[in-house]
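Chains as they are written, first to last, in our numbering: chain Z, 1189 to 1466; chain F, 474 to 1296.
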């Protein structure tokens, strides 16, 4: 999401739609349009402005994987959507709101990374070419150049499927969490090559989401151990363990003002105020 | 007798005549002036022999005459109050004892509030202010050498000490502040010090003196209960004066020795309480305990065994004083103390405070005595110690048990140092810490330094410092590891609770839990099942009811096979949850097991606790709402309870929209009424428990050794009774409970009696007043007389208080019923 857009919403399991998730919101002039990805092979656009709650549009999906899509806003009414594609290891890029398929990213035949598990579209201010970071089932993270449709770099960060990743485009550093008991921090060098910078042991295995706060000071992880963990982003020093939920935490998100929200399988969303931004 | 009247006599006679008849101011003035010559101190004093004769024979008569003339007119004969000044000078400058006696006599004889009375009271105040009381006492001290007048002394003594009372009587509301006891007795103390100073001076000058009058004054003041006032002044002064002066010390010893026997106890207790430490006490008393039998009795028996109101520092100075000198040391009655400590009858009948007092005395003695001295009587000491420990550990009062443990640990280490040390597990509280501190010998004991700061404040300061020093590193977080950036001010939160999650093995169903708890060899699963059980039971009442008794059985027999943090609490909460879910059947099972054989005392007490807690939860108003609210999100919740809130929400919303509110306070919902769930099942909880207490089993005898459980049973029954308020079964429960109490009312164990007393209170609170009077009048009367008896005579303070509370409830009951009764 671009700077200045609305705070991302959480993936909250809806009673009727188990394991659906919200991808994010688009800051539009008139209406706020979140995108909702359900299990019914549909990706819905909701109009939530001024208290409305109506589905505006929907996109048919071709796979029913665990993978959450990613949005990249590219202008007032134009945005790009990355969703898992038809083949089990494919990623589809759509131009929205026209729903035209831009391309399908398919790994090379001998790579066999498994299903994509998490996606992160991003774009540097200097270059107009969007990039896509994808975490795969085999524990690797790959950097795609979307316009060229090729993998720039791919590293094996984890031994288990990558469940969540976030990227700090200013520092060219990213972090990913997987089903295993560690967080991986990696960086992107000038030659668009990914490098593992370090691994950070956790108390309990399983991370379902990772988010860096917009000011890039801290990051939060959503854990299978019901806890939200907060780290210092630069040093990766553990800062806090938030034990409130009584079931798996699915996702975390930061608001623009620094508040942290966590959504859990226990039907609760917790909002936290941590290290307020000065 | 002297046939020829002396010149003094003639002059006095003439003067008295003039005084009583003359109305001429000048004449009176000159007459008084001529009499004043005999008092000395003027330019033209009379001969010493004449002065003495005047003082001894005529002075009182002249004073009486002066008193009789006192009225406003007479004083007004000369301007500027000259006459009054001259009049007063006779009292203030003449022999103090006679002046004092005449003044007191006149004060007591003068009726009502009057001019004369007030004048004389003011004069007496001046007399006191001028320090003449010292002169009164000093006169008695000097007279000792010649013939003392015992009658005069006695009269003086009574008046000196009784002055505040007498003046209070005479002056009533007009009393002057100087005569208030809180002002007078400190003054008397100051005067006594001055007298002693004079005595010391004259002893230095080689003159013989006696301090016995001062002793009597101090003794009598102490008997009057004015120890704090008079000794509060006397002791600090004497402490300073006796330091480094043998003469002063001897005078001081003499002072205490001369105290009459009947006042000895009052003086000694006052001294022991006021003296800041054993060194000072030793300086003030000397070897008094060896010389005076009465003093020895007070110091070694009365203060140790018969009384227990003194604070620990007092006890320390007393025992320290005894231990300081080799001659006094044999009086340090450790053996007797230990015997008292170990006597089972004393433990049963002495109040807890006295037991603490004796225990402290034992520990202080142990700290003072050397190993060799302990070895002499080692066997006796050990025997008493063991007896005492055994009795205390059997007690059902935790405080008594702890007392036994603390003393046993310390004493056994001292008496039997070579043996393995006794070690108990007890929770440290203020008392035990204080007692342990007593056991370490004080280094100050042999330091020659002045009493200085007492021991307690020093001990209190030290830990303060430690905590401050220890607190600093916590307050300041350790510097961020070599990161100099400014955004490193993020201080980590406490993450100590971050433990590994044993989530994978948590059973999801009640039946799984039962199975895991009974058969699982996988301890993680076992623990997870135990932890999850309460929540599962609450969430799925229907599933729990299917296996409720089985589950209760499993939990009751559950043993802590691995070290699970909070095992007892988990088990108890789970049992309570099961009991609440299926009260009738589980309570029936638990109560039947309470009297079954082959249970440990712990299990039986657990049963009682669980029943009480479950009853409390069941009887709590508004219980349903809470459970339904937290239960609704659960996956197993029946649909009805999720439907109900939405329905209500819709209605509420509709009302909210149609209603205009002018103020927006927080909308508060009153507690909704709901039936007392305990009503229908109270009988299952109560009656099986109360029925079997008098049938001993092989392994379980409530009326015998297992009095701890009996006490707990009495408390539980009381609690059940209390929780059964407003239920229909309360009346028959109350009747049964009163019978139970009646059967056990003279039980020897304090804890049991406390339970019975609280049970009586519960009956009075829970059974409706009319029903109590209709159905249980005899029981109430019996209970009342028993309560009155306990309130007065029970050795335990708590018992007495509970009895008083129950009596108050009875009174209240009477008040409630009286208006109802027909006039």
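Even glycine gets a Cβ: it sits at the ideal position worked out from N, Cα and C.
With residue i and residue j assumed to form a contact (beta carbons below 8 Å), what rounded beta-carbon distance in angstroms separates them?
i, j, result
"residue 581 of chain F", "residue 643 of chain F", "6 Å"
"residue 544 of chain F", "residue 589 of chain F", "7 Å"
"residue 1391 of chain Z", "residue 1368 of chain Z", "Actually they are not in contact, since the Cβ atoms of residue 1391 of chain Z and residue 1368 of chain Z sit about 13 Å apart, beyond 8 Å."
"residue 667 of chain F", "residue 607 of chain F", "4 Å"
"residue 966 of chain F", "residue 1427 of chain Z", "7 Å"
"residue 563 of chain F", "residue 535 of chain F", "7 Å"
Taking 8 Å as the threshold (C-beta atoms), are residue j and residue i in contact?
i, j, result
"residue 909 of chain F", "residue 879 of chain F", "yes"
"residue 739 of chain F", "residue 682 of chain F", "no"
"residue 1274 of chain Z", "residue 1250 of chain Z", "yes"
"residue 1324 of chain Z", "residue 1351 of chain Z", "no"
"residue 1279 of chain Z", "residue 1260 of chain Z", "no"
"residue 1083 of chain F", "residue 1031 of chain F", "no"
"residue 1319 of chain F", "residue 826 of chain F", "Outside the displayed span of chain F (474 to 1296) sits residue 1319 of chain F, for which this structure offers no information."
"residue 634 of chain F", "residue 609 of chain F", "no"
"residue 1239 of chain F", "residue 1274 of chain F", "no"
"residue 720 of chain F", "residue 747 of chain F", "no"
"residue 787 of chain F", "residue 773 of chain F", "no"
"residue 550 of chain F", "residue 557 of chain F", "no"
"residue 504 of chain F", "residue 488 of chain F", "yes"
"residue 1230 of chain F", "residue 1276 of chain F", "yes"
"residue 1381 of chain Z", "residue 1341 of chain Z", "yes"
"residue 1430 of chain Z", "residue 1363 of chain Z", "no"
Please name the residue, chosen from the options, that lies closest to residue i on a Cα-to-Cα basis.
i, options, result
"residue 717 of chain F", "F:816, F:790, F:757", "F:757"
"residue 1204 of chain F", "F:1152, F:1275, F:1071", "F:1152"
"residue 1268 of chain F", "F:1220, F:746, F:1123", "F:1220"
"residue 1417 of chain Z", "Z:1404, Z:1398, Z:1403", "Z:1398"
"residue 693 of chain F", "F:722, F:679, F:661, F:675", "F:661"
"residue 591 of chain F", "F:641, F:1127, F:900, F:624", "F:641"
"residue 1148 of chain F", "F:1191, F:1197, F:1193, F:1167", "F:1197"
"residue 1248 of chain Z", "Z:1235, Z:1230, Z:1237", "Z:1230"
"residue 724 of chain F", "F:913, F:1191, F:698, F:677", "F:677"
"residue 1090 of chain F", "F:874, F:1122, F:1046", "F:1046"
"residue 808 of chain F", "F:603, F:1014, F:777", "F:777"
"residue 615 of chain F", "F:801, F:1063, F:684", "F:684"
"residue 567 of chain F", "F:598, F:594, F:532, F:546", "F:532"
How far does the beta strand (DSSP E) with residue i in it extend, from its first residue to its last?
i, result
"residue 1345 of chain Z", "First-last for residue 1345 of chain Z: undefined, no H or E at that position."
"residue 1281 of chain Z", "1279-1284"
"residue 1378 of chain Z", "Here residue 1378 of chain Z belongs to no beta strand (DSSP E), and DSSP marks it neither H nor E."
"residue 1389 of chain Z", "1382-1389"
"residue 1320 of chain Z", "1319-1324"
"residue 1306 of chain Z", "1304-1310"
"residue 1245 of chain Z", "1242-1248"
"residue 1417 of chain Z", "1415-1420"
State the start and end residues of the unbroken alpha helix (DSSP H) segment that holds residue i.
i, result
"residue 751 of chain F", "751-758"
"residue 877 of chain F", "871-888"
"residue 1008 of chain F", "996-1012"
"residue 644 of chain F", "623-644"
"residue 1364 of chain Z", "Per DSSP, residue 1364 of chain Z belongs to no alpha helix (DSSP H); it is in the beta strand (DSSP E), 1361-1366."
"residue 1283 of chain F", "1270-1290"
"residue 482 of chain F", "480-494"
Exercise. Are the region 780-791 of chain F and the region 802-819 of chain F touching by the rule of at least three beta carbon pairs closer than 8 Å?
Worked result: Judged by Cβ distances under 8 Å, the region 780-791 of chain F makes no contact with the region 802-819 of chain F, as fewer than three pairs qualify.
For this session: Evaluate contact between the region 1005-1012 of chain F and the region 965-974 of chain F, counting only Cβ atoms and requiring at least three cross-stretch pairs below 8 Å.
Result: Fewer than three pairs of CB atoms, one per stretch, sit closer than 8 Å, so the region 1005-1012 of chain F makes no contact with the region 965-974 of chain F.
Problem set entry | Against chain B: residues of the region 980-993 of chain F by CB proximity under 7 Å | The structure shown contains no chain B; the protein chains it does contain are Z and F.
Exercise. Taking three-plus beta-carbon pairs below 8 Å as touching, is the region 843-851 of chain F in contact with the region 893-908 of chain F?
Worked result: With a cut-off of 8 Å, the region 893-908 of chain F and the region 843-851 of chain F do not count as touching, because too few Cβ pairs lie within range.
For this session: Evaluate the contact criterion for the region 698-716 of chain F versus the region 749-766 of chain F: three or more CB pairs, one atom per stretch, below 8 Å.
Result: The region 698-716 of chain F is in contact with the region 749-766 of chain F.
For this session: State whether the region 987-1002 of chain F contacts the region 1450-1466 of chain Z, with contact taken as three or more CB pairs (one from each stretch) at a distance under 8 Å.
Result: The count of Cβ pairs closer than 8 Å, one atom from the region 987-1002 of chain F and one from the region 1450-1466 of chain Z, stays below three, leaving the stretches out of contact.
For this session: Assess, as a yes-or-no matter, whether the region 669-678 of chain F is touched by the region 731-748 of chain F under the definition of 3 or more beta carbon pairs within less than 8 Å.
Result: The answer is no - the region 669-678 of chain F does not touch the region 731-748 of chain F, with fewer than three Cβ pairs under 8 Å.
For this session: Evaluate the contact criterion for the region 1419-1433 of chain Z versus the region 1319-1333 of chain Z: three or more CB pairs, one atom per stretch, below 8 Å.
Result: No, the region 1419-1433 of chain Z is not in contact with the region 1319-1333 of chain Z.
For this session: Indicate whether the contact test is met: 3 or more Cβ pairs, each with one atom in the region 1206-1213 of chain F and one in the region 1168-1175 of chain F, closer than 8 Å.
Result: No, the region 1206-1213 of chain F does not touch the region 1168-1175 of chain F.
Exercise. Can at least three beta-carbon pairs, one atom from the region 1067-1086 of chain F and one from the region 1179-1195 of chain F, be found at a separation below 8 Å?
Worked result: Taking one beta carbon from each stretch, the region 1067-1086 of chain F and the region 1179-1195 of chain F have 3 or more pairs nearer than 8 Å; the two touch.
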